[in-house]
Each structure stands twice: as C-alpha cells, then as structure tokens.
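Each remark here refers to the structure printed beneath this line.
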Amino acid sequence: MHALSRLAPDVRQYLLVTGNYWAFTLTDGALRMLVVLHFHSLGYSPLAIAGLFLFYEIFGVVTNLLGGYLGARLGLNRTMNIGLGLQVAALLMLTVPATWLTIPWVMGAQALSGIAKDLNKMSAKSSIKLLVPGDQQGRLYQWVAILTGSKNALKGVGFFMGGALLALLGFSGAVLAMAAVLALVWLASLLLLKKDLGKAKAKPKFRELLSKSRAINLLSAARLFLFGARDVWFVVALPVYLSSVFGWDVWQVGGFLATWVIGYGIVQSFAPALTSKFSGKASGQLPDGRSAFVWAAVLAALPATIALGLHSDLSAQWVLLGGLMLFGVLFAVNSSLHSYLIVSYAKEDGVSLDVGFYYMANAMGRLLGTLLSGWVYQAYGLGACLWVSSAFVLLAALISIGLPKHGKALPAG
4 MHALSRLAPD
14 VRQYLLVTGN
24 YWAFTLTDGA
34 LRMLVVLHFH
44 SLGYSPLAIA
54 GLFLFYEIFG
64 VVTNLLGGYL
74 GARLGLNRTM
84 NIGLGLQVAA
94 LLMLTVPATW
104 LTIPWVMGAQ
114 ALSGIAKDLN
124 KMSAKSSIKL
134 LVPGDQQGRL
144 YQWVAILTGS
154 KNALKGVGFF
164 MGGALLALLG
174 FSGAVLAMAA
184 VLALVWLASL
194 LLLKKDLGKA
204 KAKPKFRELL
214 SKSRAINLLS
224 AARLFLFGAR
234 DVWFVVALPV
244 YLSSVFGWDV
254 WQVGGFLATW
264 VIGYGIVQSF
274 APALTSKFSG
284 KASGQLPDGR
294 SAFVWAAVLA
304 ALPATIALGL
314 HSDLSAQWVL
324 LGGLMLFGVL
334 FAVNSSLHSY
344 LIVSYAKEDG
354 VSLDVGFYYM
364 ANAMGRLLGT
374 LLSGWVYQAY
384 GLGACLWVSS
394 AFVLLAALIS
404 IGLPKHGKAL
414 PAG
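For the record, in the sequence shown the residue sitting at position 367 is 370 according to our numbering, with numbers rising by one throughout.
Here is the structure:
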C-alpha cells in the first residue's frame, strides 16, 4: 500500500483500475467454464447450455448502453464498484442447494453477472482515456493494449481455475470461494478508487445514449460481427466438441482453453509492436481504418480453412488445435486495434457514453454468437459454426473500409 501511494496519481489509478478488472475477470472466466462443464456433465444439450447465457448477453447489451450514461453522470468509480458488488451477488446466487439450480435461477444469476461484467469493462476502458494526455496517443494505445491483453490472459487463467475448482471443490464450493475473494477486492476498491473519475462536466441527457459519430457507429458495427465470429464457435461449440468428440475431461478442456486465452491476451498486449512492424513504416504508425480492414480481411479466411481441413484426410486434432492457435493470434490483434480505436475516437467529456455504446454492440455480437454457437452446432456441427464465423469476420472487414484513415506517426510516450 505504501509503495502504491508513492506512484504518480494517474499511474496509481491506472493500477487500481487494472487490478479491479483483473480480479473481476478471473471470476468471470472461471464462472463461464464452471457453468458450461457442470451443466454439460448433467446432460444438458449444447442449445440448452447456450440458453443459460442468454440473459448474460442480453443484459450486457442493455448495461453497456445505460452504463455509459450512468458513468458520465455518477462517475466511473461508482459504476466499477457497482459491477464488482453485483458479481459477488451473482456468485452467491449459485451457492444454493443443487435442487434450486433450475434453468431460470441460473439464467437470473447470469443476468446479474452480465450486468456486472459490462459495468466493470466499460468503466475500466473509459478510465484509460482520462488518465492519458490527449497528445500521447502512442501511450494510450500501449495502455489500452496492456489492459485488454492482461485481462484476457487472466480470463484464460480463469477458465483453468474454473475447471480446477470444479474438480476440487464442486460447483457450489467453487463459486463460494470466488465470491469471498472478490468481496475483499470490492471493499478495497470502495476505499481507494478516485472519486468522480469520468463524471461529465455537463450532465448528459438520456437522448445522448446513441452515438452521433459516424466513425463510432461503423466501428461498433464491425465489432458486433467480429465478436459474433469468435463466440459462434468458441462459447459452446468448441468446449462441447472437445469433450464429446475428442473425449477430453474437464481438466483437459479447461486447461487447453485457458492456455489459448492466455496466449491470446499476451498477443493483445504486444499488438502495438505487431501492428507497427507490419505497417510498413520504419518509425511506427498508429492504427486507423485501413489497419482494421487489413487485419480483419486476413482473419476472415481462417475459420473457413479450418472447416475445410476438418473434412479432409488430415488429423482433426491438428487441424482444429493448430487453426485455433493461429485464429487466436489474428483475432487478438483485431481486438486490440478496435479497443484502441474506440478510446481514441471517443470524446473526452463523458467518454463512457461513446465507449458504452460501442460495447453495447460488442455485447450484441456476443449474444448473437452465443445463441448461434448452441443452435448451429446442435443442428449442423462445428464445421457450420466455422463457416458462419468466416462470414461474420468478412462483414466486419467490409464495414471497416468506411472508418477514418490517417498517416500519423506514433508519438513518443
């Protein structure tokens, strides 16, 4: 605590925001893996498992839209702390006796968790805009990449933690342990996080929820299809396929998906270096609409290639797992580019309004992908999920053509 107090105020707040985001992300990743594996072991179909996350994603859409408004009016410290508190409540809802864990009850807990997750994420991403001077866009890109990449790496750790806790403590014991630890983080955040962070100087009106910026609207549409492309095969189809077709147990499924997401997060953290290296500029270049189009176009062909490989004479495990690794690298760069662009495009006063609108589109993409992941897999198999994924990424690439383009060199900082 003494060492933290000696840091510069903006760095100290950045570390507090990041620490909150990390703690939340661990429980979020673990809870998702717990629910998928536990209810799959109880004999639930892929579509029924996807249905358990329906409210999680629906309420994420609403929360991002209203959460940006609340963040601008109340301050991002409050919306972040509300998110942490709601996640503790959601976890405690799942500690009830097994006979109470009906589909409506679990969906209700997931609804709370969805609200909590998107309040927390919107608050964290918006805060970064306010902690970096406007003329230091290179530093902003780096801080956003580190926050996003470290969060996803820890989400991967959360996947593994979920599988491990399920095996060691059982479902109820696992969620109770996570609730206890997160409650301590929540109390620390209430004490330490800067008051009124992100509160708009002029109180925003409710009608300002929808973005008036063409760039943000286009980026939001591209984000919807980008994340729908990931979740259409990753959320339900992939873990069920690994378990039912490859015969993997919960340790193997949780461990592999954890490793994938950790690697994905690490790549996100290094996205500024990767995009600079491939930009063709020796001095480095900030990403723009052209960058978003190129990286999405490269990614678009990959899921379809994996689908074709699964129907060839090649080993299904090598095709799927190798393709998944490459998909993780390319998707991580695309995601990190988008995360920087939205923070860069957002206006500083009331930043959470623009960021909240953008992540509403992100949540809509996750909702669409989650539902399709269960339905398409159950009806047509993993190959069909991969073809849908390719189509979605292609749409994201085509939308990105309309994003602003520039040629600014990467500033120092």
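Note that CB positions come from ideal geometry on N, CA and C, so glycine has one too.
On a predicted model such as this, the values are computed, not experimentally measured, just so you know.
Residues of its chain near residue i, where Cβ-Cβ distance is below 6 Å and the 5 sequence neighbours each way are ignored
i    : result
F42  : I52
G32  : K158, G161, F162
L397 : A303
A399 : A225, F228, L229, A299
Y24  : A127, K154
L260 : F162
A182 : V91, L94, L95
L50  : G377, W378, Q381
T21  : L150
Within 8 Å, strictly: CB atoms of residue i and residue j
i    : j    : result
L302 : L327 : no
L245 : W254 : no
P242 : V256 : yes
M125 : N80  : no
L73  : Q113 : no
G386 : A310 : yes
A307 : W390 : yes
Y144 : L37  : no
L221 : G368 : no
G372 : G176 : no
S272 : F360 : no
M164 : N123 : no
L277 : V336 : yes
Beta-carbon contacts of residue i that lie in its chain and below 8 Å, excluding the five residues immediately before and after
i    : result
L185 : A26, F27, T30, L87, Q90, V91, L94
L329 : L305
W263 : G159, L327, M328, G331
F58  : M110, G111, Q113, A114, G117
I61  : A114, G117, L370
G322 : One point to set straight first is that residue 322 is Val, not Gly, in the sequence displayed. Answer for V322: I309, G312, L313, S315, listed in chain order.
V99  : W108, S175
Nearest-angstrom beta carbon gap, residue j and residue i [assumed within contact, 8 Å]
i    : j    : result
G258 : G166 : 7 Å
S338 : T151 : 7 Å
L172 : A180 : 6 Å
L324 : S294 : Not confirmed; about 28 Å, so no contact.
L45  : V178 : The pair is not a contact, with the Cβ atoms about 16 Å apart (cut-off 8 Å).
A364 : D357 : Actually they do not touch by this definition, with Cβ atoms about 11 Å apart.
L19  : L195 : 6 Å
V147 : S342 : 5 Å
I269 : A156 : 6 Å
P407 : A119 : Contact flag wrong, Cβ pair sits at about 33 Å.
Q320 : F249 : 6 Å
C388 : A240 : 5 Å
DSSP-derived helix/strand/coil call for residue i
i    : result
S216 : coil
P306 : helix
S347 : helix
L7   : Since pLDDT at L7 reaches only 49, below the 50 mark, its modelled position is unreliable, and the value read off the structure follows with that caveat. The answer is helix: DSSP assigns L7 an H, G or I state.
H314 : coil
L187 : helix
G416 : Interpretation of G416 is limited by its pLDDT of 33, a score under 50 that renders its predicted location unreliable; the figure taken from the coordinates is listed afterwards. Coil at G416, not helix or strand.
D291 : coil
I269 : helix
G22  : helix
G405 : coil
V264 : helix
L390 : A small fix is needed here, since residue 390 is Trp in this sequence, not Leu. In the structure shown, W390 sits in a helix (DSSP, three-state: H, G or I).
G432 : With the chain covering 4 to 416 only, the question about residue 432 has no answer from this structure.
V358 : helix
V239 : coil
L222 : helix
G384 : coil
L45  : coil
A399 : helix
Cβ neighbours of residue i in the same chain (closer than 7 Å, five flanking residues each side left out)
i    : result
Y383 : none
D121 : G63, T66, N67, G70, Y362, A366
F296 : A400, S403, I404
_Completely contained alpha helix (DSSP H) runs for the stretch 97 to 173, where each covers 4 or more residues_ = 106 to 134
*Which parts of the stretch 47 to 93 are runs of the alpha helix (DSSP H), unbroken and 4 residues or longer, counting only runs that do not cross its ends?*
49 to 55, 57 to 77
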